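Each remark here refers to the structure printed beneath this line.
Spelled out as structure tokens, the structure:
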């Protein structure tokens, strides 16, 4: 079974709208991170939320974490065409050095 | 700004050939990783490396794979005898500790014919 699963797999919205992506995971975590990947490029870190935090903001990004439901959401407000990319959640698992990535959400912002 | 660099950006090889993918992690980082991504699919963990030894590896990282840090700067992934299914984007990543963000390179695209 996968540690991180994003929902939806693909999302297409109009510029200016808000985009919400969700991530579910299965085991206990130290932290949860969100990354962005432009097509054919490397992953870029967006934001990290620790297991004892419930919400975090960075610019137009808002991340929530619900450890009781083992889920997180990433909200991008006032979306721009340049936000078009794939977004991945990644979990830091207790006792392990690796980050485990989900399937990703492909976000398309239509001008 | 420091960055992780990977070479080559694209390599085409014949099935059964050996391939070495190279990475230069950020200089003060201590934890090094290889991930791979088959086109359009999830980012899969291969191996983590700390203190000159493998600390974790996935089921994908079988005997055909090896990693090495031959000097103070390079971190290499070797695939001994490539298979068609090894075709993927391989990403190197590093970080200074186990609690923070990963810094990724731009990847090496491997095509096995």
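Protein chains in written order, with this note's numbering: chain A, 115 to 225; chain B, 5 to 117. All C-beta atoms in this analysis are idealised placements derived from N, C-alpha and C, irrespective of residue type, glycine included. As the structure is a prediction and not an experimental result, all values here were calculated from the model.
- Under the 10 Å beta carbon count, residue 90 of chain B is surrounded by 16 or more other beta carbons and is classified as buried.
- Here the C-alpha atom of residue 28 of chain B lies approximately 32 Å from the C-alpha atom of residue 190 of chain A.
- Chain A places no beta carbon closer than 8 Å to that of residue 79 of chain B, leaving this residue out of the contacts.
- Taking 8 Å as the threshold, the shortest C-beta distance from residue 94 of chain B to chain A does not fall below it.
- Look at the segment 211–225 of chain A: the residues with a C-beta under 7 Å from a C-beta of chain B are 211, 212, 213, 214, 215, 216, 217 and 218.
- Chain-ordered listing is empty here: chain B has no CB closer than 7 Å to the CB of residue 171 of chain A, the nearest sitting near 17 Å.
- DSSP places residue 139 of chain A outside any beta strand (DSSP E), giving it a letter other than H or E.
- Judged by beta-carbon spacing, residue 110 of chain B lies within the 8 Å limit of residue 156 of chain A, meaning their Cβ atoms are closer than that value.
- The C-beta of residue 145 of chain A comes closer than 8 Å to at least one C-beta of chain B.
- With a cutoff of 8 Å on beta-carbon distance, residue 208 of chain A and residue 119 of chain A are scored as not near each other.
- Around the beta carbon of residue 132 of chain A, fewer than 16 other beta carbons sit within 10 angstroms, so the residue counts as exposed.
- By the rule that beta-carbons nearer than 8 Å mark a contact, residue 155 of chain A touches chain B.
- Close CB contacts of residue 225 of chain A within its chain, under the 6 Å cut and outside five residues either way in sequence, are with 129 and 195 (chain order).
- Listed as beta-bridge partners of residue 51 of chain B by DSSP are B:38 and B:61.
- Distance check between residue 67 of chain B and each of B:7, B:51, B:15 and B:8 places B:51 closest, using alpha-carbon atoms only.
- Contact annotation, residue 97 of chain B with residue 54 of chain B: C-beta distance approximately 13 Å; criterion of less than 8 Å not satisfied.
- It is roughly 28 Å from the alpha-carbon of residue 210 of chain A to the alpha-carbon of residue 23 of chain B.
- If you draw a straight line from the Cα of residue 149 of chain A to the Cα of residue 49 of chain B, it comes to about 15 Å.
- Taking the C-beta atoms as reference points, residue 146 of chain A is found no nearer than 8 Å to residue 182 of chain A.
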